[in-house]
Each structure stands twice: as C-alpha cells, then as structure tokens.
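Written out below as structure tokens is the structure these notes cover.
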Amino acid sequence: MTAPKTDLPQGTLDLLILKVVALGPVHGYAIAQRLEQVSRGVVQVPEGSLYPALHRLENRSLLAADWKETETGREAKFYRLTGKGRKQLETDAASWQRLIDAIALILGMANGGAR
Amino acid sequence: MEEQLEKELRFHLDEHANKLIAQGNAPDLAQRNARLALGGPEQVKEKCRDARGTRWLEDLFQDFRYALRTLRQRPGFAAVAILTLALGSGATTVMFTVINGVLLKPLAYPEADRLVTLHGKTEKYGEQWGFSYPEFHDYQSASRTLGSVAAWTYGGGTVTKPGEAEYVFGRLISSGLFSVLGVPLAEGRAFLPQEDQPGAAPVAVISYSLWQRRFGGSKETIGQHLILEGKSYTIVGIAPAGFRVDGDADIYTPLGQSRDPRMQDRAAFFIHVLGRLQPNVRLAQAQTEISVIARRLAMQYPEDNQGRGMVAHPLSQEVVGDVRPTLWLLLGAVSVVLLIACVNVASLLLARAVSRERELALRVALGASRGRLLRQCLTESTVLGISGGALGILLAFVGIHPFVSLWPGSLPRAEEVQLDWRVLLFALGLSLLSSLLFGLAPALRTPARELERALRGAGRSLAGSTRRLHSDFVVAEVALAVVLLVSAGILGRTLLRLSSLDPGFDTRNVLAAHVALSPAVLENPAKARAAWEDLDRARRLPGVQSVALADVVPMRVGEDSVGYWATPVPPPPDQLPLALTSIVTPDYLNVMGMRLRQGRFLNEQDRIGHELVVVIDDNLAQHAFVGNDPVGKGLWIQGMASNPVRIVGVVGHVRHWGLAGDDQSRVRDQIYCSFYQLPDPLVHFLSSVMSITVRTTITPLNVAEPLRRELRGPGADQTLYDVHTMDDLVSASLDRQRFLLWLFGIFAGLALLLACIGIYGVLTYLTNQRVPEIGLRMALGASTRDVMRLVLGQSFGMIVVGIAVGILGALAAGRLLEHLVDGTRPTDLSTFTIMIPILLAAALFASFIPARRASRVDPMSALRQE
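Sequences listed follow chains Y and U, in order.
The numbers in our numbering rise by one with no breaks, and the one at position 25 of the first sequence is 25.
The numbers in our numbering rise by one with no breaks, and the one at position 394 of the second sequence is 509.
So this is what it looks like as structure tokens:
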C-alpha cells in the first residue's frame, strides 16, 4: 500500500475485468481485490467505475451473472465470461499486446539513440 | 433490478468494511472508509443504470407520472384539450374506418387483386358499355392473359313455388362465374358448361337467404324444384351467405339458357364480363391483348364493332364505384377539423409553456439537459394525444354504424366496414403524429440561453417570437375554418339551386312500382298484352286519378338507350347520338304532369297496324332539328324498323338522371314510344321491366296497399315491388349533396367553435402578458375604449390575415368540389360574402371577452406588479 499508484489508462478497465473474470466466476468485490493484488497495488482500481463497467459488460453480453452463496454464506452476484466475452478478451488482449510492443519499441529506439 | 443493484453494492461495502475491521480499524471508521472508496452509492447506481441502458425507460416512466400530475393539476385544460383531440381524431378515425373497409381492404375473394372487369368503350360515350353475348364468347376463346372469363346480366322473376308468390331479383350467370371469383358454394355445385347452353335442363343456384327463407336451410334442398316465372328449375347449389353480384340477388340461372332475343344480337351490349388474370400476367399486358382482340372484332364485324374499344379495370374499382371521391373528400374535411384541434391544443400548451418558462429555466440551471426537457414536454403532449386518441377510438367505435347507416343509398361493402388492426394502427399513428404536431412548438421553447433573464423575468417578459407564433396559430385556425365554412356554403348553395330546378314533371302525388305479371301469361304476348291492359283497373281505386305504364321511371335505377338519326344516311356507329327511350302508355303524360310543347302525345289510336309514332323531348328536337319544327318529320331508331318512325309531338325534357346528375349525363335526349305499338318479341322482354305509375288525389303511399291487392290478378301471383313516390325519388337524387352538406356543415361548425376557443385562449393569454403595459397606458391616460381598441385591433389583424389565407384555400377547395360533386358551380362571390362575415363576427365575439377584461385592468395594481 506504500508504492505510488498509477491511474488506469483509458479503456483498459474492461480488459482487466474480462481477464480476471476469465479465471472463474467471481463477485464484484473480489474483482477489485484481485486487480489490486495481482498488480501488486500498482493499479488503483476506481471502485466507483468498477460497477458501472460490470453492468455495461453484462449489458453487452460479454459477461453473464448469477446470484450464488459465497464461502461466508452470503448471497453475491457472481460474474462469468460468456463465449462472446472470451472472444472479446482475446482480441483486446492481442491488440493491447501489440500496442505495448510498439510503445516498447519506440521507447527502446529513443534510448538507443542516447547510447 | 433496483433491488439487485442495491444488494450488490451493499455486499461490496460490507465485504470491504469487514476486511478493514479485520485489519484492525474501528467498525464505524471502516464503514466510512469503505463508502469513501466506492464513491457515493447513489452516483454509482446512477452510472450503473446508465450503463445498463434502462435509463430512458425509467425517465419515460418518470416523465409520464409528471405529465399526469401536471395535467391533473389543471383538469379544465386537460379536459378541453382531450375532448378537442377526441372529436378531431374520432371523426378522422370514422372516415378512415370507412375508407379502410370500402377502398383499402382487398375484396373478399381469393387473390382478389387478379380479378378484372371488362368494358366496351367508344369515343363518344366513354366506358359505359357492356358486352354483347357473342362478344363474350369471342373474348373467352381468344384471350390468353385471362385464365378464365365469366359473364352475367340482371334477371329475376316471380317465384310461385314453394310458398307464396314473391318477386325476387336474380342474375343470369355463365357457368364459370363462381370459379372465376374463386367462391365455393355453401351447398351443392355451380353450373356445368353443358348446362350453360340453349335448351339444357333448367337449373338454378339460390341465395343463402332464399334458402333459409323458403327451405328452412334444409340439406335436402339440393335437387328440389322451384317455380320461377312458371318454369320449374332444379336447385343444384346454394350460394354462400353474403355473396353478391352487383347487389343482392336471390336466384342465379344459366345465362346460356336465356331466350332473350338480344342473346344473338351483336349490338346489344347488356352482358357484364369479368375475368381472372393468369398468374404472372399484369393488368397492362391483359389490356394490350384485349385491345388487339377488339381491333380484330372491329374489322370482322364493322357494322356493330367499328370504333368500339375494350378496357379492363380491377374488379375492386367497379365494386366501389363512385364513392371513392366522396370518401377522400370527407377524410380531407375531417383532417382539417383535426388540424384545427391540434393547432388549438398547441396554442394552449404554448401559453402554458411560456408561463412555465421560469420553472423550466430553473431546471436547466439545476443541470437538466435541453434534450431531457424537450422529451419531458413531448411526453406530456403524447399523454394528451394518446388520451384524446383513445377517446376518439371509442367515439369511432360508437359512431361508425350510425354513420354507415346514414350513408345515402347504400354504401358498397358496408358490411366490411369495421374497426380492425389497420384502423387501430391508423388511430395510434394519428394521435402520435398530432401529439408531435402540437407538442413540438411548445417543447422547442424550452429555454437554453439567457437563463438568468428568464429566471428574473418571472415569465412576464414576452419574447417577440412567442407572440408571432401565437398569432400564427390564430391565422392557421381561422384559415382552416374559412376553408370548411366556404365549402359548406358552396354545398348549401348547390343544394338550394338543385332543389329549385324544374324536374320536368309534377312530382307530387305520383306513385311508381314495378309489376311482375303472372308467370302464366308471360310466355304468350297476346295474354301478356291483355294482362297489362287489365292493370288499368287500378283507375277505379278510390284516390287514383290516372294510371299509366312505363318501362323507365325518371330518377330510378334503370335505363334504355338507343341510337337514333334524323337523316336517311346513318352516321358511323361510334358517332351515333343516343337517346333514352321510354316505352309508355298514352296516359303517362297526365300521370307525370309533363309539359307538351308541340303536336300531341301518344294516344289510344297509336296501336299495332297503325303508323309507328314517337314523341321526343325538346333536347332531342334541339339537337337533331336545330330550330326546325320536328313534328311530322321522320326519325330512324336503331334496332327498330328500317323505316323511319314519325314524330308527332315534343314534350319538355325530364331530368331522368336526377336533379344533380342530369346536366352532366351523356345521354340527355329522350324518346317516348307507345307500349301498344311494341312488336310481340319485345312485349315478352319488356314485361319483365315494366312499371305502373299512378297519379293520386290522396297521399300516394296510402294507395300502395289497395293497389297491391287490386292487381294480384286471377292467379293471385302478380306482385308489386320497388314501390316509390316520385317525391322520394326526386329527393333521393340529391341524397349525396344533402349528406355532404350535412357533414360539411357539422365540420364547419366544429371548426368555427374550435377556432373561437383558440382565439379566446390565445388572446386571453396575450392580454394577460400585457397587463403591466396596459396598466401603464391607462395610467398615462388611455381610456377603456382605447384599451379595447388595442386588443381588438391586435386580434382583428390576425383574423384578417387568416381570412385572406383561408380564401385562397377555399378557392382551391371550391375547385375540388366542383370536380367531385355533381351540380356544383364555380365558386361565386356570394358564398364568400355570407360565410366570411359569420366567421368574422364569431371571431370578434371570441376576442371581445379578453378585450373587455383587459379594459378593466386596475392601473395601480397592474403597475405594482411590474
């Protein structure tokens, strides 16, 4: 919790949510937790935008939701990936990877020039 | 949905708080932090709703409730608006229901759009011709585009067994008629081709209603016998209920068995022909083929077919006939009423929108988007529109049957006029459209700029644009009302003019009825002649002055036109002038009270064996003898003797085609021949169409029953049918004009009322807005009169512009009426000079009340408001 936090780049929240949900049915609070843990606290998940994003993805049929009991015995809304969501995740992840590669390439070139 | 969202967020907050507590935070602090991390729950919920796309639905629901609330706050306004709209849309829905049933719905035959009727056509007289029977066979064998062709003509006669003697209407039909129409029989079968031949065994198909009436709907009816005109027919089939061939008929017999002498005559065009287009053939292709056949026939039979073309029309057009323009005319008129209603509601809404300007500005200031406010305003007008529309549908549901029954004559396809999904869709679309129409102008006024001015001005400062919009509304209302008022005026004048026309005979105290002679005498011309002469006994009845026979009675259905010429060389067949012939007995002149202009009328000495004589009307005299004295001259009549007949007299023209229709009709010349000079073959034919006409000294209908009893004949099987007084026939000939006048009068009255309410509303509003200004004027010395002049002047300006625009519209409407309604003359000035002052007076009266109220403004309190 001490490391400096970075804001999420525009449009990546959906991708991250899809990725987390792809690991298995999960409720909203757990998604927030997992994102923070996995990114080792680097990524600040804006909780205020998490739920609208979940509802938007559900509305676009990328996610589906069921009410189930948690280990603690409370009812929670569990999200899971739909077939359409899986496809979306693959294309988004691929294009994100390409973007990262490209940016890394550009940054690397600039460094090379200084060397 | 809302609950799930609430539950989901609560779960998140609880989990987060639990975790924080587990990390050692105090519970209340943990909960606070959890809430902070999530952000305001309401905002999150709002965003979730947006994300789900259910927002608009919730907004709509909210707007809807808001609209209901605001309408309930002002029940008077809501009631006036809804009633106005209900009247407009109800009347429009009624008209559309009729149009839907009569014009738009396909005929009740399978693939009805492929059914066509064929007509003969000549240059001079247009398309009013039927076929001759030989021609029907020519087309039947030659046409490839028409899969099958069928023919029919009118028939009927006295049924004597089973049951009492009764005259029934019938049709002579070719064997293919039912199959061409695609109509299965209710029981039994249609005619076989071999039954449709001269000399075949007599068979008949009877109507469903005759079956119920005379046979009790028994299954054993097929194969039973029925005596029609003294001849026994085997019943082979029962037509389905509601089956019609140009009106109701009770008995169908094979056309090919008819012994009518015209059956072989190529110049007797009395057969109606219809056919079904082959699959994949278009009407235009059939039309081309038919014209080719017509040309070939013209070459083959130049004497009868020269210059004779053929045309095909969709059957639906023929069934509907000439009510089409009337219906569209009425729909146009009610649409104008609806339009006025919309303008009215629009001006009411606008007035309210302006007084709500401050409220709306406040909402914008609090963050409402303009689109949101627009939607809210439109929701409100839609609620009004739909309520009005729903009430209108109710009105239409109640009003449609009385309306159809008031239709003059009988409305074709009346039984198919009912509210169905098409009508409901129309009504719904109509109310949505009108909501948009009257809702948009007020809605667009939702403030966008100069918020603070609107907030500060408390809605009192009146922008110039609203005032202009308001006067536009008044102008539109007045203009539309002028159009309807002047149209009603034109129709009223037409009716007045037509009813004052001289029909050419004395209509009072005359009764006319068809007589069906005893079938026993029909086959023998001598006996039939004697039976007709025997009808003269009616003269002995009390109250009867004179009695005559006639085959054609003026203004009643039925006609007989023949070609004639007055010089030894006949003109070519398509140039032949036509005259309406009436076969009458000598007393006809007295019974009808016609005027003898020259010479003498037919008399008792004009009998067989004496010289053939005719009497002509002054129209024919004018056309054929231009100024010369026709009496004593010869006249050649097509189909009669090859020698000319002698003209012995001239009578005044009789308006046979009705008071309204006669001037426009194509056949206006008239010839009168004596029934006593008819050759034998014609006696038989005419015996089926002759009527008795009686001049009475008492109320004519009181003679009907004694007449019926007196004329039953020795076998008690002579019947009277189609009993009318001439007064009724004359009046019926103006039914259409009278009906249109009534409706236009009602519409115009409604329009005037609505326009006055509109003017009153707008002026009340405008003067209210000007109270401070008026107060200031009065404080500066303006008198009550000056103020009234100010307000009335403002309204007068709007009304005058409205009238000017309306006059242009009325001129156009007048041309339309002239085109569509028989007997309408080009719009004359006097109609305007009567109608415009009425409107002006009403409109000024409506402005008077607000003007008076304005003139009583107390200057001190008015100024203090400012």
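Glycine is no exception: its CB is placed at the ideal position from the N, C-alpha and C atoms.
The structure presented is a predicted model; accordingly, all values stated were derived computationally and were not measured.
When C-beta atoms of the stretch 415-425 of chain U are compared with those of the stretch 170-183 of chain U, fewer than three pairs fall below 8 angstroms, so the two segments do not count as touching. Listed in chain order, the non-local C-beta contacts of W772/U below 7 angstroms within the same chain comprise S780, local neighbours out to five positions each way being set aside. Judged by DSSP in its simplified three-state form, S602/U adopts helix.
Its chain contains V231, L233, A401, Q402 and I405 as the residues whose beta carbon lies nearer than 6 angstroms to that of A427/U, once the 5 sequence neighbours on both sides are disregarded; these appear in chain order. Beyond the five residues adjoining it in sequence on each side, P527/U comes within less than 7 angstroms, by CB distance, of V217, V434, V435, G436 and V438 in the same chain, given in chain order. What A166/U touches in chain Y, judged by beta-carbon distance under 9 angstroms, is Y51, P52, A53, L54, H55, R56, L57, E58 and N59, going in chain order. Residue nearest to I922/U within the set R940/U, G912/U and L944/U is L944/U (criterion: CA-CA distance). Looking only at L287/U, V782/U, D733/U and G747/U, the smallest Cα-Cα distance to V766/U is reached by D733/U.
Around the beta-carbon of Q379/U, fewer than 16 other beta-carbon atoms lie within 10 Å, marking it exposed.
Note: A65/Y is bridge-paired with Y79/Y in the DSSP secondary-structure output.
Setting aside the 5 residues that flank it on each side, I786/U is surrounded in the same chain by A694, T696, V729 and I731, each with a C-beta closer than 6 angstroms to its C-beta; the list follows chain order. Considering only beta carbons, no part of the stretch 436-461 of chain U lies closer than 8 angstroms to chain Y. Under the Cβ distance rule, C163/U counts among the residues neighbouring chain Y, one pair being separated by less than 8 angstroms. For G357/U, none of the residues of chain Y pass the 8 angstroms Cβ criterion, the least Cβ distance being about 53 angstroms. About 6 angstroms separates the beta carbons of I605/U and G929/U, which is inside the 8 angstroms limit, making them a contact pair. With a beta-carbon spacing of about 5 angstroms, A558/U and L493/U fall inside the 8 angstroms limit used to define contacts. From the beta-carbon of Y29/Y, the residues of chain U found nearer than 8 angstroms are F126, H127, E130 and H131.
The three-state reading of DSSP puts E242/U in strand, counting E and B together. Here I698/U is buried. Its C-beta has 16 or more other C-beta atoms within 10 Å.
Under the Cβ criterion of 8 angstroms, L219/U is not counted among the residues facing chain Y. Shown here, S697/U sits in a strand according to DSSP, grouped into three states. For K77/Y, at least one C-beta of chain U is nearer than 8 angstroms to its own C-beta. A distance below 8 angstroms between beta-carbons, with the five flanking residues on each side excluded, links D689/U to the following residues of its chain, in chain order: T237, E238, K239, Q421, G422 and R423. At a Cβ-Cβ threshold of 8 angstroms, I874/U and A958/U count as neighbours. When DSSP states are grouped into helix, strand and coil, H799/U belongs to the helix group.
For V295/U, the nearest beta carbon of chain Y is not closer than 8 angstroms to its own beta carbon. About 15 angstroms separates the Cβ atoms of G764/U and F620/U, ruling out a contact at the 8 angstroms cut-off. For E47/Y, the residues of chain U that pass the 7 angstroms Cβ criterion are A152, L153 and G154, in the order they occur in the chain. About 7 angstroms separates the Cβ atoms of V838/U and L626/U, confirming a contact at the 8 angstroms cut-off. Y880/U is the residue among T700/U, S294/U and Y880/U whose C-alpha sits nearest the C-alpha of V469/U.
Residue pairing from DSSP places H839/U in a beta bridge opposite A627/U. Within the same chain, V625, L626, P815 and L816 come within 7 angstroms of T840/U by CB-CB distance, once the 5 residues on both sides are set aside. Close to R74/Y, with beta-carbon spacing below 9 angstroms, are these residues of chain U in chain order: F126, D129 and E130. For F790/U, the closest alpha carbon among the candidates S757/U, V589/U and V798/U is that of V798/U. Cβ-Cβ separation between S806/U and A653/U: approximately 12 angstroms, too far for a contact (criterion under 8 angstroms). In the structure shown, V972/U falls within a coil segment according to DSSP collapsed to helix, strand and coil.
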